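Undergrad: Numbering (my numbering), first residue to last: 46 to 366.
So that we are looking at the same thing, I have put the structure below in structure tokens.
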């Protein structure tokens with residue numbers, strides 16, 4: 046039996062359709078798991094929207110490996126990280142378009158990595174940091190150690206986006222470094238109740254000792270007014286550190302933001318970080334109150350308005366916390 050001939054036009058059309066479906070999956074995943082970045086992604090210029098969502102979807106995929114790994118089977122999580130590492134390495138070793146079964150995020154990256162010439166080292170740094178978090182027993186010793194890990198995990202993603210839009214300015218790189226650390230600190234503060242419920246004390250040992258805060262209070266929540274105060278003091282310290290990084294990011298990114306619409310979109314998360322830190326401050330720096338409050342409809346609306354204002358008025362000015 047002779048093979049049915051398929052015209053080149055149909056082949057190209059099908060490839061475009063598949064590529065679009067992979068991008069749609071990344072958008073849908075970001076909307077479900079990372080709504081703030083979904084809102085930001087909607088404001089990204091069309092030429093860079095797909096790569097933005099692909100990078101964000103990649104972060105979601107590797108950040109959720111730990112939550113989806115049984116505590117008594119860490120080897121399964123290690124296999125998942127190795128799968129991602131091997132797959133990304135294979136993308137970088139060949140110019141041929143690859144397809145990964147049942148993994149639309151990798152299929153999207155296989156198209157965007159060569160198109161935007163994205164560096165493998167930023168993916169590797171992000172994977173390395175997330176892999177270290179796989180064991181729930183891991184706790185950073187010092188605040189400086191925590192900042193370094195967050196720079197690996199979060200700043201690396203911003204470096205990828207800067208590469209995608211063609212911004213190689215040194216000030217922009219430093220701004221991305223500060224914004225990434227701030228993003229990591231805010232994510233940690235927002236997720237503290239979740240991590241605590243899973244038995245992970247995500248605050249560094251140095252901070253606990255400084256404020257006389259016990260691991261039990263972090264893991265089970267404050268049981269007295271005194272314990273609540275010490276928890277608030279510790280989280281206020283981290284919030285202040287996040288704010289300092291945020292101010293630096295805003296200052297260092299000013300030049301590239303005024304010259305480039307895509308760069309403004311990359312640094313638009315300054316507005317969302319500001320929103321949560323203000324919310325945390327309004328709840329006396331109690332993460333067990335601020336985290337659920339962030340999900341309230343009025344807070345979601347306030348965030349949307351803040352992002353729209355920052356986008357259309359080109360204003361992400363960070364005022365004193």
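Ideal Cβ positions, reconstructed from N, Cα and C, are used throughout, including at glycine.
The structure displayed is predicted, hence computed values, not measured ones.
Closest by CA to residue 371, which one among 359, 135 and 303?
TA: With the chain covering only 46 through 366, there is no way to say anything about residue 371.
Undergrad: Please determine whether the Cβ atom of residue 327 lies at a distance below 6 angstroms from any heavy atom of the ligand COA.
TA: The ligand COA is not part of this structure, which contains no ligands at all.
Undergrad: Excluding sequence positions up to five away, which residues of its chain have a Cβ less than 8 angstroms from the Cβ of residue 145?
TA: Excluding residues within five positions, the ones whose Cβ falls inside 8 angstroms are 132, 151, 152 and 155.
Undergrad: Please classify residue 114 as buried or exposed, where buried requires at least 16 other C-beta atoms within 10 Å of its C-beta.
TA: Its Cβ being crowded by 16 or more others within 10 Å, residue 114 is buried.
Undergrad: Could you spell out the range, first to last residue, of the alpha helix (DSSP H) harbouring residue 374?
TA: This structure gives no information on residue 374, because the portion of the chain shown stretches from 46 to 366.
Undergrad: In this structure, does DSSP put residue 175 in helix, strand or coil?
TA: The answer is helix: DSSP assigns residue 175 an H, G or I state.
Undergrad: Could you tell me whether the Cβ atoms of residue 367 and residue 96 are closer together than 7 angstroms?
TA: Outside the modelled stretch of the chain, which goes from 46 to 366, sits residue 367, for which no answer is possible.
Undergrad: Where does residue 98 sit, in a helix, a strand or coil, going by DSSP?
TA: In the structure shown, residue 98 sits in a helix (DSSP, three-state: H, G or I).
Undergrad: When you compare each of 233, 263 and 204 to residue 223 by their alpha carbons, which one comes out closest?
TA: Ranking 233, 263 and 204 by Cα distance to residue 223 puts 204 first.
Undergrad: CA-CA distance, residue 62 and residue 354?
TA: For residue 62, the predicted model reports a pLDDT of 46, less than 50, meaning its position is unreliable and no value from the coordinates is stated.
Undergrad: For residue 211, which option in 220, 163, 246 and 190 has the closest C-alpha, if you only look at C-alpha atoms?
TA: Considering only alpha carbons, the answer is 163.
Undergrad: Sort 75, 77, 71 and 88 by Cα distance to residue 309 and report the nearest one.
TA: That would be 88, whose Cα lies nearest to the Cα of residue 309.
Undergrad: Out of 312, 297 and 288, point me to the one whose CA is closest to residue 325's CA.
TA: Here the closest residue by C-alpha is 288.
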